[in-house]
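Colleague: Pasting a structure below so you can have a look.
In the working numbering, the protein residues as written are 19 to 431.
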């Protein structure tokens, strides 16, 4: 066990196992992190990572999809999976005594047979999911800003893929991608809870030790910096006008990431400047600020929607608040309130293996190693008014920015 309380070991076949013992709880969570996501796909295979996530629940050489579901429920597991731009994660949370059963079930899913009789049915499910996404203005404007900010790069296409790419995707193509990415060199078993590390390592060896290794995923191509621009899409599908104003921001590995998150919270989080000066002023029902980050890139976004006639007033208000915080900085009280909320959030999440598992998976993937709760708190505590001032010298949120508009109005004119 290292000085931060983590155990980080690797099986002989290359499967890495990261464990955080939590002796004060009565449960344990485990998950298989697959280090591949939408940005690792070729254009013709857009959406294959997410499609594969679905298919891993659809059957193995040992279990049908029905039996997979029953086995999760028999353990009383809280389980799920997700696919993002950079990773896919399968996980479950159970009583400590059921941990080996949970790991075995998840590991079995990692050896899916991609059942042919389920493939076409699941394709219909995903096409319906894409159609539902097309009806959600927040999802659509978010995808639109990625499409424009990262044009020509794999970060541009949606995690779900497109109707065209999913319709054309064959089972053989999906199975080939599965074989290329779902192997020890490209996966990490993450465990958090009331466990004995040696016991977990023995479980991992029994369950996964026979897996054969292959080459890791190809290196990722770094995207270009976000450039200023204006892109608008008129759509009668929506009643409201949505907009995103984006600027370059720290990546997930940048030392300024915590400062960027504090700035976003003060500007457009809970009880924020956007809330008091835009929402409470009756200009728009929703406006927020947040930082989207990847392993090598980031964007700072102000997102909002409103009645179409109020779009000019809303954009002016957003730019005014962003200019003000950029030029004048923040107050000690604002920084302290964000720190206090963050402390509470980290403290409560640290009490549940499920939430710790999510934190560990992201950090192991991007940072290479997890941070203890104490280290996460220390990183937030290091953010000061002066650091915010220095942040804006490196990461200004003034000027034209990248403005993306979606709604029934052809706006801006």
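Every residue, glycine too, gets a C-beta built ideally from N, C-alpha and C.
1. According to DSSP, is residue 238 part of a helix, a strand, or is it coil?
2. Leaving aside the five residues before and after residue 392 along the sequence, list all residues of the same chain whose C-beta is less than 7 Å from its C-beta, in chain order.
3. Here's the rule I'm using: 16 or more other beta-carbon atoms within 10 Å means buried, otherwise exposed. How should residue 385 be labelled?
4. Go through its chain and collect everything with a Cβ distance to residue 299's Cβ below 6 Å, but skip five positions before and after it.
5. Output the boundary residues of the beta strand (DSSP E) element that contains residue 83.
6. Give me the Cα-Cα distance between residue 31 and residue 329, rounded to the nearest whole angstrom.
7. Excluding sequence positions up to five away, which residues of its chain have a Cβ less than 7 Å from the Cβ of residue 78?
8. Residue 402: which of 177, 352 and 430 sits nearest, CA to CA?
9. Looking only at DSSP bridge pairs, what is residue 98 linked to?
10. Check residue 226 in the structure and name its three-state DSSP category.
11. The beta strand (DSSP E) with residue 311 in it runs from where to where?
12. Return the first residue and the last residue of the alpha helix (DSSP H) that residue 335 is part of.
13. Do you know how far the Cα of residue 123 is from the Cα of residue 12?
14. Could you check whether residue 427 and residue 326 sit closer than 8 Å to each other, using their CB atoms as the reference points?
15. From the DSSP output, which residues share a beta bridge with residue 324?
16. Considering residue 38, what are the terminal residues of the beta strand (DSSP E) in which it resides?
17. Quick one: measure Cβ to Cβ for residue 96 and residue 111, integer angstroms, because I've assumed they're closer than 8 Å.
18. DSSP on residue 409, reduced to helix/strand/coil?
19. Do the CB positions of residue 379 and residue 55 come within less than 8 Å of each other?
20. Under 8 Å, do residue 184 and residue 141 count as touching if we go by C-beta distance?
21. Going by the beta-carbon positions, is the gap between residue 212 and residue 25 smaller than 8 Å?
22. When the distance is taken between beta carbons, is residue 307 closer than 8 Å to residue 319?
23. When you compare only the Cα positions, how much space is there between residue 63 and residue 120?
24. What is the DSSP secondary structure of residue 19, counted as helix, strand or coil?
25. Go to residue 26, then tell me how far its beta strand (DSSP E) extends in each direction, as first and last residue.
26. Under a three-way DSSP split, which group does residue 168 fall into?
27. Report the rounded CA-to-CA distance for residue 27 versus residue 83, giving the unit in angstroms.
28. What number of angstroms, rounded off, separates the C-alpha of residue 309 from the C-alpha of residue 98?
29. Would you mind giving the Cβ-Cβ distance between residue 419 and residue 134, rounded to the nearest angstrom? I have them listed as a contact below 8 Å.
30. Bridge partners of residue 49, per DSSP?
31. Check for me: the alpha helix (DSSP H) holding residue 78 runs from which residue to which?
32. Once the 5 residues before and after residue 145 are set aside, which same chain residues still bring their CB inside 8 Å of it?
33. Any heavy atom of the ligand HEM closer than 7 Å to the CB of residue 302?
Modeller: In short:
1. If you number the chain shown from 1, residue 238 lands on position 220. It is coil, neither helix nor strand.
2. As a working mapping, residue 392 is identified with position 374 in the chain shown. Counting only Cβ-Cβ distances below 7 Å, and skipping sequence neighbours, we find nothing.
3. Translated into the one-based positions of the chain shown, residue 385 becomes position 367. Exposed, because fewer than 16 other Cβ atoms sit within 10 Å of the Cβ of residue 385.
4. Here the question's residue 299 lines up with position 281 in the chain shown. Cβ within range, chain order: n/a, list empty.
5. Numbered from its first residue, the chain shown carries residue 83 at position 65. Element bounds for residue 83: not the beta strand (DSSP E) but the alpha helix (DSSP H), 83 to 93.
6. Within the chain shown, the letter at position 13 stands for residue 31. Within the chain shown, the letter at position 311 stands for residue 329. So the alpha carbons of these two residues sit roughly 56 Å apart.
7. The residue given as residue 78 occupies position 60 in the chain shown. The answer, listed in chain order, is 126, 127, 129, 130 and 131.
8. Counting from one through the chain shown, the residue named residue 402 turns up at place 384. Considering only alpha carbons, the answer is 352.
9. The residue given as residue 98 occupies position 80 in the chain shown. Residue 98 is bridged to 109.
10. Against the chain shown, residue 226 aligns to sequence position 208. Here residue 226 carries a helix assignment [DSSP, helix/strand/coil].
11. Working through the chain shown from its first residue, we reach residue 311 at position 293. Counting along the chain, the beta strand (DSSP E) containing residue 311 begins and ends at 304 to 312.
12. Working through the chain shown from its first residue, we reach residue 335 at position 317. Where residue 335 is concerned, the enclosing alpha helix (DSSP H) stretches over 329 to 346.
13. Because residue 12 is not part of the residues shown, which for the chain are 19 to 431, the question remains open.
14. For this step, residue 326 is matched to residue 308 along the chain shown. For this step, residue 427 is matched to residue 409 along the chain shown. Yes, they are a contact pair.
15. As a position in the chain shown, residue 324 is number 306, starting the count at 1. In DSSP, residue 324 forms a bridge with 259.
16. Counting from 1 along the chain shown, the entry for residue 38 is found at position 20. From DSSP, the beta strand (DSSP E) with residue 38 extends over 34 to 39.
17. Taking the chain shown and counting its residues from 1, one reaches residue 96 at position 78. Taking the chain shown and counting its residues from 1, one reaches residue 111 at position 93. That pair is a contact at about 4 Å.
18. Here residue 409 refers to the residue found at position 391 when the chain shown is read from its first residue. It is helical.
19. The residue labelled residue 379 in the question sits at position 361 within the chain shown. The residue labelled residue 55 in the question sits at position 37 within the chain shown. Taking 8 Å as the Cβ cut-off, residue 379 and residue 55 do not qualify as a contacting pair.
20. Walking along the chain shown from the start, residue 184 turns up at place 166. Walking along the chain shown from the start, residue 141 turns up at place 123. Yes, Cβ-Cβ distance for residue 184 and residue 141 is below 8 Å.
21. As a working mapping, residue 212 is identified with position 194 in the chain shown. As a working mapping, residue 25 is identified with position 7 in the chain shown. In this structure, residue 25 does not lie closer than 8 Å to residue 212 by Cβ.
22. Along the chain shown, one-based indexing puts residue 319 at 301. Along the chain shown, one-based indexing puts residue 307 at 289. In this structure, residue 307 lies closer than 8 Å to residue 319 by Cβ.
23. As a first step, residue 63 must be located in the chain shown, where it is residue number 45. As a first step, residue 120 must be located in the chain shown, where it is residue number 102. Using only the alpha carbons, I get a separation of about 31 Å.
24. What you label residue 19 is simply residue 1 of the chain shown in a count that begins at 1. Here residue 19 sits in coil by DSSP.
25. Within the chain shown, the letter at position 8 stands for residue 26. Where residue 26 is concerned, the enclosing beta strand (DSSP E) stretches over 25 to 28.
26. Reading the chain shown from its first residue, position 150 is the one you call residue 168. Coil at residue 168, not helix or strand.
27. Taking the first residue of the chain shown as position 1, residue 27 is located at position 9. Taking the first residue of the chain shown as position 1, residue 83 is located at position 65. Roughly 32 Å separates the two Cα atoms.
28. Indexing the chain shown from 1 puts residue 309 at position 291. Indexing the chain shown from 1 puts residue 98 at position 80. Using only the alpha carbons, I get a separation of about 25 Å.
29. As a first step, residue 419 must be located in the chain shown, where it is residue number 401. As a first step, residue 134 must be located in the chain shown, where it is residue number 116. Actually they do not touch by this definition, with Cβ atoms about 48 Å apart.
30. Locating residue 49 in the chain shown gives position 31, where the first residue counts as 1. According to DSSP, residue 49 bridges with 109 and 208.
31. Position 60 of the chain shown, counting from 1, holds the residue named residue 78. Element bounds for residue 78: n/a, residue is neither H nor E.
32. As a working note, residue 145 is residue 127 in the chain shown. Closer than 8 Å at Cβ, skipping near neighbours: 181, 184 and 185.
33. Questions concerning the ligand HEM fall outside what the structure shown contains, since it holds no ligand whatsoever.
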